[in-house]
Every structure is written in C-alpha cells, then in structure tokens.
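Asker: Chains as they are written, first to last, in UniProt numbering: chain A, 1 to 332; chain B, 1 to 193.
Cβ atoms here follow ideal geometry from the backbone N, Cα and C, with glycine treated the same way.
What follows is a single structure, and I will ask about it in a moment.
Encoded structure:
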C-alpha cells in the first residue's frame, strides 16, 4: 500500500458535518409538548381510595395477580399518597369498560374514574405539572444525535442518487412516469455502489394504477427471497425480518413516496428513505402526511430529503430536471 | 372518520357480506396467515374476495385488500377498459369493500386512489388503521384530486377481534422470527370501540 491510498482511506472516513451533507433529515420525533397544566394529555383510569394505607401492598399484589397490569399505564405510578390517604390506580378504562373487581379485604371501597396523564414526563417541568394530577415516571427523550455520514458514504449515496435519476429519465423515454426506486447493497469503503433492487413506476406498462415504484420494489424483494438458500447459517440466530423485509436497508427514490407506498415501506421495516423531489400534496414522508411521526405506528424509519442546493452534485441538466418533474397531484 | 355505529337490523345486508369476509379470514387462519379477509361487492354480487398472504408471498404488503384489487384489475370484465392506466374513471367507484379489520394506512390510500365507494369493516386497527384509528386517509387527509370515502366500523366486530386474538396466541411460525407464545392466555372480554 502506498502512502497515497493510505491518505485516501483517512479521507473517506472523515465525518461530514450535518450542514455540509447533500440531504437533510426530517424530524420524525413525535413528542407531545406538555409544559403547562392545560396541555397535559389525559386518559381515563379506574382508581380506588384505600380505607387504610396498610392495604397498599395487598392491592398492588392483587393488580399483578388479576392481570390488571397493562402497557398503557406503565408510565404512571400505581399509588398516590395524599392527606386523605392512599389512592391506587386499578386499570385503564380502555381495557375495562366496567369497574374492575377489588380484593375482598377492601370491599366497600368505592371504585371511581380518574383522568390521569397519558404520557410520561419528558422534562422536569412537565413532571412537576403532572404530579399535581397523578405522579408519572420521568423519561427524558434520548438526545437527538444526527446520523453521522462519512465522506465515503456521502460520495456513495450521491452516486446512487445519480444512477437512480439517470435510470428514471431513461424510463420516461420508454413511456412511464420518471419515478424510480432502488435499494443498494450496504456501503463498503472503496467499492462502487451496487444495486440489489431497482424498480420503476409501471402504471402504464402494467395497466395498473397501483404499480408504483416502491410497491414494485417490495414485491421484487419478496420474490427474490424465494431464490435464496433457506438457512445459509443455521447456527446464527436469524435477524428479525432478515428474510424478506427491508430491515436496515436504505431506499433511494426520485420522488417522495405517496401515503400508500410510505406505509408499505413502514410495513417492510425499511431503515431510511432518501428522496430527491418532495411531493407536498400527496407524499407520506413529510408532504401530505409523515407516517413515521404518527402516534401508534410500530416502526419508525429515517427520512432524508435531498437539499435543493445539492441537486447540482447529481449532474442533471436543467432540461433533465424538468423532465423528472411529475404533476403535483400525482401519488408517486 | 370511522363511525363505529352499532349495526341495526337494516344493516343485515352488510352483515351478510361481512360473514363472507369472515370466511376469508378463517381461510387465512387455516393457512397460518394473519386472519384478515375481505370481499368487494358490486351490483349486489361479490366480484373479488381475498385474504392476507403476507407470509406465503414473503411480502409484508400483501394484505387482503391489495390481493383482491389485483384480482379485479387482472380481470378485463371487471375493469372499465377506458383507462385502467390512470385509474380514471375510478375503477372502484361502484364497488363496496367489506373487510374484517379496518384497512391499514397503505390499503386506505390504495382504496382512495381507486375511488372506492364505501368501506364496511369489523374491528378498528389501533396500530396502523387508515380510516381514523391512526390516520384518516379515507377522508380527513386532503388529497388534491381523489375524493374521500366513508368507512363504517363495528360489523361482526367481536368475531374479528376474537379471530385475531386466537391467531396471536398461537405461534406465527411463518413470521420472519417466530416468538414463543407458550404462556399466552386467550382473553375473551372485548373493550368497547
């Protein structure tokens, strides 16, 4: 190895500062701001006032034994002490539309509904505010640390996006919409990007209005998995979804995917989506909706949007750029 | 917005079609797939019926609705030949969907892109329901061209919930990584919508 290539390796490992990256990450965190009393989100729960504080342990044990524990209440302390005595939360109303049974030892105690905080406290301030309603656990969010990209990875991603746009333009010549998606093989330093899957929009050729590039790609991933050896390394534990999902993969696409395709990507557990052209009216990755930001969904993926200023890196002429555009009411 | 109105006697016809959808869900259960089934009804006739095939096809997007839509689109006698490409006039504008579980966000969007007339479903889908539970793709979300559609829940709701629970307490051996569920207990009480 000569000194030259040594320097090169140093170079490609250099982390690029966020503001110099050709794409920007959308904020997909969905943290409800609850910094004053009125804004605290609440849910209904069943509560009971204990006739004597010495029953607390007994009732807490009862909750465990009778299956009243539920994930929707884990952010709440179960018992609350006040001047009038001890109150215990029994169950959520969502789970038990009727008052749940109480242990015979405290029979006669009134079970009643209480509105308690719906989320844990993410700041000290909100914890103190919630304390006035019902004590909650303190769960500050993990600090947002932007994903680090090295010079080599940025160059790799730029080459991938260049190829995606070039192929999309080629498809336009064939009569399809110039929308194209691809999943490259994971980045390896010093290696040219390789696509594992590339699919275009096929609404025209397949005469099917739902043959969008992303759905076509997910279908191909599934079909390809039938040709792979069943268990290449039986000793190794199978990674979750390693067979036919997009776990830990990056999807590159020319246009922000529509709501249908964005949800298909969420179902497929993709790790990142990088797109060039936003679709403000129909997109599901920040345009019309932002699916990874929704409350309740069981997977989140990162969304990276190519910066307008960095279009030039893709080597597209002004004419090419115009050709890549689609109607703004189209679902990409 | 889901309306969650409890069905009354006038809804007998909807319950009739929902039973057909439930048969498809049972078919899925027998095939060790997540038990969701659906039928598409046009002119008082079932034009397509399907069930979930995500495990069989190794594709997490092969929900019952998309399976049935592909059947409809592959049958020239069911698609108005005018313009199947753009989807206009809307292919499903005279078609009603009956599905045992609220369509997910993906399917709700697909149905809107195809101009479905109306949707009836069994139980809500709190994880990724697209007709109001997680996102109102059917109506609330504004779309520049595709009109919204109504979705009504609560038809054979208890059955839809119970068959899902039965499925999830048995091990989904077809899932990418099966979980050990030997200690799970089937709950039978059903919370209100």
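When the distance is taken between beta carbons, is residue 96 of chain B closer than 7 Å to residue 117 of chain B?
Answerer: In the second chain, counting from the first residue as 1, residue 117 of chain B sits at position 117. In the second chain, counting from the first residue as 1, residue 96 of chain B sits at position 96. Result yes, Cβ atoms of residue 117 of chain B and residue 96 of chain B sit closer than 7 Å.
Asker: Could you spell out the range, first to last residue, of the beta strand (DSSP E) harbouring residue 113 of chain B?
Answerer: Here residue 113 of chain B refers to the residue found at position 113 of the second chain. Counting along the chain, residue 113 of chain B falls outside any beta strand (DSSP E), though it belongs to the alpha helix (DSSP H) covering 105 to 113.
Asker: Counting only beta-carbon separations shorter than 7 Å, does residue 106 of chain B have a partner in chain A?
Answerer: For the purposes of this step, residue 106 of chain B is identified with residue 106 of the second chain, where counting begins at 1. Yes, contact with chain A.
Asker: Listed in chain order, which residues of the region 87 to 104 of chain A have Cβ atoms closer than 7 Å to some Cβ of chain B?
Answerer: 94, 95 and 97
Asker: Enumerated in chain order, which unbroken segments of the beta strand (DSSP E) with a length of 3 residues or greater are wholly contained in the region 179 to 266 of chain A?
Answerer: 180 to 184, 195 to 200 and 250 to 255
Asker: List the DSSP bridge partners of residue 121 of chain B.
Answerer: Along the second chain, read from residue 1 onward, the residue named residue 121 of chain B stands at position 121. Note: residue 121 of chain B sits in a beta bridge opposite B/99.
Asker: Between residue 270 of chain A and residue 246 of chain A, how many whole angstroms is the CB-CB distance? I'm expecting something under 8 Å.
Answerer: Looking up residue 270 of chain A in the first chain gives position 270. Looking up residue 246 of chain A in the first chain gives position 246. With 8 Å as the limit, residue 270 of chain A and residue 246 of chain A qualify as a contact, their Cβ atoms being about 4 Å apart.
Asker: Could you work out which residue in B/154, B/73, B/191 and B/149 is closest to residue 19 of chain B when comparing CA atoms only?
Answerer: Within the second chain, the letter at position 19 stands for residue 19 of chain B. Checking every option, the nearest Cα to that of residue 19 of chain B belongs to B/154.
Asker: Where does residue 48 of chain B fall in DSSP's three states?
Answerer: Locating residue 48 of chain B in the second chain gives position 48, counting from the first residue. In the structure shown, residue 48 of chain B sits in a strand (DSSP, three-state: E or B).
Asker: Tell me whether the beta-carbon of residue 50 of chain B lies closer than 7 Å to the beta-carbon of residue 68 of chain B.
Answerer: For this step, residue 50 of chain B is matched to residue 50 along the second chain. For this step, residue 68 of chain B is matched to residue 68 along the second chain. The answer is yes: Cβ separation under 7 Å.
Asker: Could you tell me whether any Cβ in chain A is nearer than 7 Å to the Cβ of residue 59 of chain B?
Answerer: In the second chain, counting from the first residue as 1, residue 59 of chain B sits at position 59. Yes - at least one Cβ of chain A is within 7 Å of the one on residue 59 of chain B.
Asker: May I ask you to list, following chain order, the residues of the region 134 to 165 of chain B that have a beta carbon less than 9 Å from some beta carbon of chain A?
Answerer: For the region 134 to 165 of chain B, the beta-carbon criterion of a distance under 9 Å to any beta-carbon of chain A is satisfied by 134, 135, 137, 141, 142, 143, 144, 145 and 146.
Asker: Could you check what DSSP says for residue 56 of chain A in three-state terms: helix, strand or coil?
Answerer: For this step, residue 56 of chain A is matched to residue 56 along the first chain. The DSSP-derived three-state label of residue 56 of chain A is helix.
Asker: Would you identify the three-state DSSP class for residue 83 of chain B, choosing helix, strand or coil?
Answerer: Start at 1 with the first residue of the second chain, and residue 83 of chain B comes out as number 83. Low confidence applies here, because residue 83 of chain B scores a pLDDT of 49, under 50, leaving its location unreliable; read the following figure in that light. It is helical.
Asker: Please classify residue 41 of chain A: is it buried, with 16 or more other beta-carbons within 10 angstroms of its beta-carbon, or exposed?
Answerer: Stepping through the first chain from its first residue, residue 41 of chain A is reached at position 41. Classification of residue 41 of chain A: exposed, given that the 10 Å Cβ count is below 16.
Asker: Among the residues of its own chain, which have a CB less than 8 Å from the CB of residue 76 of chain A, if the five just before and after it don't count?
Answerer: For the purposes of this step, residue 76 of chain A is identified with residue 76 of the first chain, where counting begins at 1. Once the five neighbours on either side are set aside, the close Cβ partners of residue 76 of chain A are 45, 89, 116, 117, 134, 135, 136 and 137.
Asker: From which residue to which residue does the beta strand (DSSP E) around residue 273 of chain A run?
Answerer: Your numbering for residue 273 of chain A matches position 273 in the first chain. Element bounds for residue 273 of chain A: 272 to 277.
Asker: Which residue wins for smallest C-alpha separation from residue 281 of chain A, given the options A/306, A/27, A/330 and A/291?
Answerer: Within the first chain, residue 281 of chain A is the residue found at index 281, counting from 1. The shortest Cα separation from residue 281 of chain A among A/306, A/27, A/330 and A/291 belongs to A/330.
Asker: Would residue 133 of chain B and residue 260 of chain A be called neighbours here (beta carbons separated by less than 7 Å)?
Answerer: One-based indexing of the second chain puts residue 133 of chain B at position 133. One-based indexing of the first chain puts residue 260 of chain A at position 260. The answer is no: Cβ separation not under 7 Å.
Asker: Looking at chain A, is there any beta carbon in it that lies within less than 7 Å of the beta carbon of residue 103 of chain B?
Answerer: As a working mapping, residue 103 of chain B is identified with position 103 in the second chain. Not an interface residue.
Asker: Count Cβ pairs between the region 149 to 169 of chain B and the region 122 to 140 of chain B that sit closer than 8 Å; are there 3 or more?
Answerer: Verdict: yes, contact present.
Asker: Please tell me whether residue 50 of chain B has its Cβ less than 7 Å away from any Cβ of chain A.
Answerer: The residue given as residue 50 of chain B occupies position 50 in the second chain. With 7 Å as the cut-off, residue 50 of chain B does not count as an interface residue toward chain A.
Asker: Going straight from the alpha carbon of residue 328 of chain A to that of residue 279 of chain A, what length do you get?
Answerer: The count along the first chain starts at 1 and reaches residue 328 of chain A at position 328. The count along the first chain starts at 1 and reaches residue 279 of chain A at position 279. Each residue's alpha carbon lies about 6 Å from the other.
Asker: Got a sec: is the Cβ-Cβ distance from residue 110 of chain B to anything in chain A below 7 Å?
Answerer: Along the second chain, one-based indexing puts residue 110 of chain B at 110. Cβ-Cβ to chain A under 7 Å: yes for residue 110 of chain B.
Asker: What did DSSP end up calling residue 16 of chain B once you bin it into helix, strand or coil?
Answerer: The residue labelled residue 16 of chain B in the question sits at position 16 within the second chain. Note: residue 16 of chain B maps to helix in three-state DSSP.
Asker: At which residues does the beta strand (DSSP E) containing residue 141 of chain B begin and terminate?
Answerer: Within the second chain, residue 141 of chain B is the residue found at index 141, counting from 1. Neither: residue 141 of chain B is in no beta strand (DSSP E) and is coded neither H nor E.
Asker: Go ahead and pull the three-state DSSP assignment for residue 156 of chain A.
Answerer: The residue given as residue 156 of chain A occupies position 156 in the first chain. Three-state result, residue 156 of chain A: helix.
Asker: Are there three or more Cβ pairs, one per stretch, closer than 8 Å when the region 188 to 197 of chain A is compared with the region 144 to 163 of chain A?
Answerer: yes
Asker: Does the beta-carbon of residue 61 of chain B have 16 or more other beta-carbons within 10 angstroms, so that it is buried, or is it exposed?
Answerer: The sequence position of residue 61 of chain B within the second chain is 61, counting from 1. So residue 61 of chain B counts as buried.
Asker: Across which residues does DSSP place residue 80 of chain A in a beta bridge pair?
Answerer: Translated into positions along the first chain, residue 80 of chain A becomes position 80. DSSP, once it has assigned bridges, lists A/87 as partnering residue 80 of chain A.
Asker: Across which residues does DSSP place residue 152 of chain B in a beta bridge pair?
Answerer: On the second chain, position 152 is the one that residue 152 of chain B refers to. B/120, per the DSSP bridge assignment.
Asker: Between which two residues does the alpha helix (DSSP H) carrying residue 26 of chain A extend?
Answerer: Residue 26 of chain A sits at position 26 when you count from the first residue of the first chain. It is not in any alpha helix (DSSP H) - residue 26 of chain A carries neither H nor E in the DSSP assignment.
Asker: If the cut is a Cβ gap below 7 Å, which residues of chain A does residue 194 of chain B touch?
Answerer: Residue 194 of chain B falls outside the range modelled here, since chain B spans only 1 to 193, and no answer is possible.
Asker: In this structure, what does DSSP give as the bridge partners for residue 50 of chain A?
Answerer: Walking along the first chain from the start, residue 50 of chain A turns up at place 50. In the DSSP output, where bridge partners are listed per residue, residue 50 of chain A has none listed.
Asker: Going by beta carbon distance, what residues of the same chain come within less than 7 Å of residue 112 of chain A, once the five residues before and after it are set aside?
Answerer: Within the first chain, residue 112 of chain A is the residue found at index 112, counting from 1. Here the set comprises 47.
Asker: Please classify residue 71 of chain A: does DSSP put it in a helix, a strand, or coil?
Answerer: What you label residue 71 of chain A is simply residue 71 of the first chain in a count that begins at 1. DSSP places residue 71 of chain A in helix when its eight states are reduced to three.
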